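K.L.:
First residue of the sequence shown? That's -9 in our numbering, and the numbers climb one at a time after it.
Backbone N, C-alpha and C define an ideal beta-carbon position, used for all residues, glycine too.
Keep in mind that this is a model prediction, so the values were computed, not measured.
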Amino acid sequence: MEENPQSDITAALLSRERGVIRCARYAFSPNRLHFCGPDKANEILAYIDEDTADFGLRYLLSQFEVMAPYLIAIASANKISDPFDERVIEAYWLGNELLDNASKQSMYIHLKDTLRVKDRFGAKYFKTIEDKISDGAKMHHSFQVMNVWQRMGHKEEAHTIESIDSCRISWGKVLSVAGPILTVERKPILFDGKQMYLGKVEKRKIIRHLGDDGLMDDVSVGDCISMHWDLPCEILNQRQVSHLSRFTKMHIQLANKSI
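(1) Determine the DSSP secondary structure at M(-9), reduced to helix, strand or coil.
(2) What's the C-alpha gap between R229 and Y82?
(3) Give me the Cα-Cα distance between R48 and P178, rounded to the nearest whole angstrom.
(4) Count the C-beta pairs between the segment 230 to 239 and the segment 22 to 32 that are closer than 8 Å, then say yes if the count reaches three, no if not.
(5) With a threshold of 7 Å between beta carbons, is E7 in contact with chain D?
(6) Are the CB atoms of M217 and S166 nearer to each other than 7 Å?
(7) Here's the rule: buried if 16 or more other CB atoms are within 10 angstroms of the residue's CB, otherwise exposed. What is E80?
(8) Contact between the segment 57 to 64 and the segment 88 to 97: three or more CB pairs below 8 Å?
(9) Note down the Cα distance separating M(-9) from V191, rounded to an integer number of angstroms.
(10) Can you tell which of F54, T238, G189 and L205 has the C-alpha that lies nearest to the C-alpha of C223?
(11) Which partner residues of T173 appear in the DSSP bridge assignment?
(12) Let's see if you can read the secondary structure: which residues bound the alpha helix (DSSP H) around E120?
(13) Cutting at 7 Å between CB atoms, please list the residues of its own chain near R6, excluding the five before and the five after it.
(14) Are Y60 and M129 closer than 7 Å when you measure CB to CB?
(15) Whole angstroms is fine: what's the gap from V10's alpha carbon to R77's?
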């Protein structure tokens, strides 16, 4: 079969655009709550509603203080030039094989020198982070949420179990679609006084429309979706659910070592 360089270029450009818009779907909800990123939630939502991406959206996302350095670190570890490559976005938010290529040393440098966790919170605090790196922690969003207890965006304050459950990326099955309301079943993260754990399945109602803008118009009953701060992000396939479940459980276990 004759190769088509133009087709390859088009596919690469489309993949880059998908990476940026997928990233926006996950980054929007904490930005809307003024936890991280520039004060541009309405602009980000407009991009999501139109399902388009350009340099403007890429620039907005590059200003997220915690997320953007993670994307750069994952891309660098995998010799990927674009931190918004779709594979990198999926690695950070959901998890994939790219995380295995980021060495313990690169994660240490990322947390100590780039995010300055040791300078911000002290040597004793950072020692628990070092131990978790040695135990196999990965550059996944769930690690940052569950194991760096202090928020590091606009509000440097300790997480609660409720904020951990909302801030991590959760997944669940859609039970009903009623206009702007989705009813999903998901497992919450709970705390029994000694350890965090995934609880029993519970029903939760979340919104998929904010005013005239839609976050997820193509969802159907039976779909499995990802959620961030009680807003839907995207429909997941079984591979993505498996990865998200694996890394979430891994980082719950690591978090429990220092509780």
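P.N.:
Concretely, from the data shown:
(1) Numbered from its first residue, the sequence shown carries residue -9 at position 1. Since pLDDT at M(-9) reaches only 49, below the 50 mark, its modelled position is unreliable, and the value read off the structure follows with that caveat. Residue state, collapsed to three classes: coil.
(2) Along the sequence shown, read from residue 1 onward, the residue named residue 229 stands at position 239. Along the sequence shown, read from residue 1 onward, the residue named residue 82 stands at position 92. Answer to the nearest angstrom: the Cα atoms are 15 Å apart.
(3) Locating residue 48 in the sequence shown gives position 58, where the first residue counts as 1. Locating residue 178 in the sequence shown gives position 188, where the first residue counts as 1. Near 32 Å, if we compare the C-alpha coordinates of P178 and R48.
(4) no
(5) Going by chain labels, chain D is absent from the structure shown, which holds only one protein chain.
(6) If you number the sequence shown from 1, residue 217 lands on position 227. If you number the sequence shown from 1, residue 166 lands on position 176. No, Cβ-Cβ distance for M217 and S166 is not below 7 Å.
(7) One-based indexing of the sequence shown puts residue 80 at position 90. Buried, since its Cβ has 16 or more Cβ neighbours within 10 Å.
(8) yes
(9) In the sequence shown, residue -9 corresponds to position 1, counting from 1. In the sequence shown, residue 191 corresponds to position 201, counting from 1. With a pLDDT of only 49 at M(-9), under 50, the local geometry of the prediction cannot be trusted, and no value is derived from it.
(10) The count along the sequence shown starts at 1 and reaches residue 223 at position 233. That would be L205, whose Cα lies nearest to the Cα of C223.
(11) Counted from its first residue, the sequence shown places residue 173 at position 183. Per DSSP, S166 and K195.
(12) What you label residue 120 is simply residue 130 of the sequence shown in a count that begins at 1. Here the alpha helix (DSSP H) through E120 covers A113 to S124.
(13) In the sequence shown, residue 6 corresponds to position 16, counting from 1. Closer than 7 Å at the Cβ level, and outside the excluded window around R6, lie D72, F74 and D75.
(14) Your numbering for residue 60 matches position 70 in the sequence shown. Your numbering for residue 129 matches position 139 in the sequence shown. Yes, they are a contact pair.
(15) By one-based count along the sequence shown, residue 10 stands at place 20. By one-based count along the sequence shown, residue 77 stands at place 87. Each residue's alpha carbon lies about 11 Å from the other.
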